[in-house]
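Residue numbers (this note's numbering): 2 to 106. Yeah, the Cβ is synthetic: ideal placement off N, Cα and C, and Gly gets one too. Note sheet for the following structure.
As structure tokens, this is what we get:
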């Protein structure tokens, strides 16, 4: 019985050490992904504010400016406008998942 308990203790110790020794690259990759999502979410929020401002104030030429800006940004990222705008919904969902995982929501 004591050999069995010793074996369990050794296994649990190794499991604990293995889980704490998560590769630094994987930890950094996760952190970098979180930073990318946060940056993209901020960009999407800024675009949303620009569109809301334009819709509220109806400044002359602002519709064309916003459309051209969005098209240029989509082209710069080698995306269609639909894909570019859909990315905002996706990163927003991921951002909320990260915030939940971190205990902030």
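Of all C-beta pairs linking the region 57-77 to the region 94-103, fewer than three are shorter than 8 Å, placing the two stretches out of contact. For residue 101, the uninterrupted alpha helix (DSSP H) run begins and ends at 82-102, by DSSP. Taking a 10 Å sphere around the C-beta of residue 42, we find 16 or more other C-beta atoms and assign the residue as buried.
If you check the CB distance, residue 44 and residue 99 do not come in under 8 Å. Counting along the chain, the unbroken alpha helix (DSSP H) around residue 70 starts and ends at 63-77.
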